[in-house]
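Colleague: Chains A and B are the protein sequences, given in the same order.
My numbering runs 16 ahead of the 1-based position in the first sequence.
My numbering runs 800 ahead of the 1-based position in the second sequence.
Even glycine gets a Cβ: it sits at the ideal position worked out from N, Cα and C.
This one's a predicted model, so the numbers in the text were calculated from it and none came from an experiment.
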Amino acid sequence: DTAVSQTPKYLVTQMGNDKSIKCEQNLGHDTMYWYKQDSKKFLKIMFSYNNKELIINETVPNRFSPKSPDKAHLNLHINSLELGDSAVYFCASSPRGEGTEAFFGQGTRLTVV
Amino acid sequence: AQSVTQPDIHITVSEGASLELRCNYSYGATPYLFWYVQSPGQGLQLLLKYFSGDTLVQGIKGFEAEFKRSQSSFNLRKPSVHWSDAAEYFCAVGAWGAQKLVFGQGTRLTINP
C-alpha cells in the first residue's frame, strides 16, 4: 500500500505544453505539499495545503496551479512549460502542518525539451 | 528565516568505517529537526527526527543524531556503514506553525568497498 503516490513518474514534454501531475495520500493526513528538487538536488517548498486550503505559495510563477479536490489529493497543473521547469517534483503529506515530518512520494521527473 | 547548512557536499567512506554528516540550522524558535535519505531515483525516506526531550535520537537503519542547541547542530552518525548506505542525505528543519520543511543542500555519500 503506497502511502503517497504520484503519477506519472516520468514526464517528457515540449516547451509551451500544459501538463498535470497527480498526487494521492492514503495516510489520512491533513496537510499536503509540493516540493521541487532542482538539478543540484536542492529541495524547495512550492505549495502547502491544509484541509484543501492553500497555506503557502512560495513565490511560484502563476503558470503553476495546484488544486486540492479533497484532503487526500493534491494535483499540480503547469501551463506553458519552460525549459527551466525541468526538475523532480515531489508530493508529500504530514499529519499536521506544524512543521512535523513529511512523507514523500516517489517523485515525478519532468523534462521539458 | 529558517535555513539549513550541510557543509559537506560529498563524502566518501570505506565500508565498515564510521560516518558523521554535519548539519547546522538557523531558526529563532525551537526547531523540529529531521534527517532524510534519498536513494537514486527514489523519494525521501525519514531516517529520524527530533522534536524535544533526549538530544540523542535513534533512527532507522542504525543511524543516530545528536541535537546540540549551543552549536545549532544536528549531526547524523552511524558506527559502521554498509554499501547500501550510499545515497543522498538531507537535513531539514521545521517548526510549530511553519507549514513547511526547509532543507539543506544535501550530502552525497559514497561507500568504498
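Have a look at B:Gly862, B:Pro840 and B:Ser872 and flag the residue whose alpha-carbon is nearest the alpha-carbon of threonine 855 (chain B).
Modeller: The count along the second sequence starts at 1 and reaches residue 855 (chain B) at position 55. The shortest Cα separation from threonine 855 (chain B) among B:Gly862, B:Pro840 and B:Ser872 belongs to B:Ser872.
Colleague: Using 8 Å as the Cβ pair cut-off and three pairs as the minimum, do the stretch 77-84 of chain A and the stretch 56-66 of chain A touch?
Modeller: Yes: at least three Cβ pairs fall under 8 Å.
Colleague: Check each residue of the stretch 65-84 of chain A: if its Cβ is closer than 8 Å to any Cβ of chain B, include it; give the result in chain order.
Modeller: Cβ contacts with chain B come from Asn66, Ile71, Ile72 and Glu74.
Colleague: Can you tell me which of B:Glu888, B:Ala895, B:Ala817 and B:Gln899 puts its alpha carbon nearest to the alpha carbon of arginine 908 (chain B)?
Modeller: To locate residue 908 (chain B), count along the second sequence from 1; it is residue 108. Among B:Glu888, B:Ala895, B:Ala817 and B:Gln899, the Cα nearest to that of arginine 908 (chain B) belongs to B:Glu888.
Colleague: Just verifying my parser: in three-state terms, what is the DSSP assignment at arginine 822 (chain B)?
Modeller: Mapped onto the second sequence, residue 822 (chain B) falls at position 22. Arginine 822 (chain B) falls in the coil class under three-state DSSP.
Colleague: From glutamine 802 (chain B) to serine 826 (chain B), what does the alpha carbon distance come to, in whole angstroms?
Modeller: On the second sequence, position 2 is the one that residue 802 (chain B) refers to. On the second sequence, position 26 is the one that residue 826 (chain B) refers to. For glutamine 802 (chain B) and serine 826 (chain B), the distance between alpha carbons rounds to 5 Å.
Colleague: Mind checking valine 837 (chain B): buried by the 16 CB within 10 Å criterion, or exposed?
Modeller: Here residue 837 (chain B) refers to the residue found at position 37 of the second sequence. It counts as buried.
Colleague: Compare the C-beta of lysine 900 (chain B) with all C-beta atoms of chain A and state if any pair is closer than 8 Å.
Modeller: If you number the second sequence from 1, residue 900 (chain B) lands on position 100. By this cut-off, lysine 900 (chain B) is an interface position.
Colleague: Taking DSSP's pairing of strands, which residues face asparagine 875 (chain B) in a bridge?
Modeller: As a working mapping, residue 875 (chain B) is identified with position 75 in the second sequence. DSSP output for asparagine 875 (chain B) lists B:Glu866 as bridge partner(s).
Colleague: Taking glycine 841 (chain B) as the reference, give the member of A:Gln122, A:Thr127, A:Leu126 and A:Val129 with the closest Cα.
Modeller: By 1-based counting over the second sequence, the position of residue 841 (chain B) is 41. Checking every option, the nearest Cα to that of glycine 841 (chain B) belongs to A:Gln122.
Colleague: Take glycine 859 (chain B) and list the residues in its own chain whose beta-carbon comes closer than 6 Å to its own, dropping the five residues that flank it on each side.
Modeller: Taking the second sequence and counting its residues from 1, one reaches residue 859 (chain B) at position 59. So the qualifying residues of the chain are Leu847 and Leu848.
Colleague: Using a Cβ cut-off of 7 Å, which residues of the stretch 835-852 of chain B contact any Cβ in chain A, in chain order?
Modeller: Listed by position, the residues of the stretch 835-852 of chain B near chain A (Cβ gap below 7 Å) are Gln842, Gly843, Leu844, Leu846 and Lys849.
Colleague: Can you tell me which of B:Gly843, B:Ser839, B:Gly828 and B:Leu819 puts its alpha carbon nearest to the alpha carbon of glutamate 864 (chain B)?
Modeller: By one-based count along the second sequence, residue 864 (chain B) stands at place 64. Ranking B:Gly843, B:Ser839, B:Gly828 and B:Leu819 by Cα distance to glutamate 864 (chain B) puts B:Leu819 first.
Colleague: Quick check on aspartate 101 (chain A): does DSSP put it in helix, strand or coil?
Modeller: If you number the first sequence from 1, residue 101 (chain A) lands on position 85. Aspartate 101 (chain A): helix per DSSP, three-state reduction.
Colleague: Between the C-alpha atoms of glutamine 845 (chain B) and tyrosine 49 (chain A), what's the straight-line distance to the nearest angstrom?
Modeller: On the second sequence, position 45 is the one that residue 845 (chain B) refers to. On the first sequence, position 33 is the one that residue 49 (chain A) refers to. Distance between the alpha carbons of glutamine 845 (chain B) and tyrosine 49 (chain A) is about 15 Å.
Colleague: Any beta-carbon of chain A closer than 8 Å to the one on glutamate 888 (chain B)?
Modeller: By one-based count along the second sequence, residue 888 (chain B) stands at place 88. So, interface residue.
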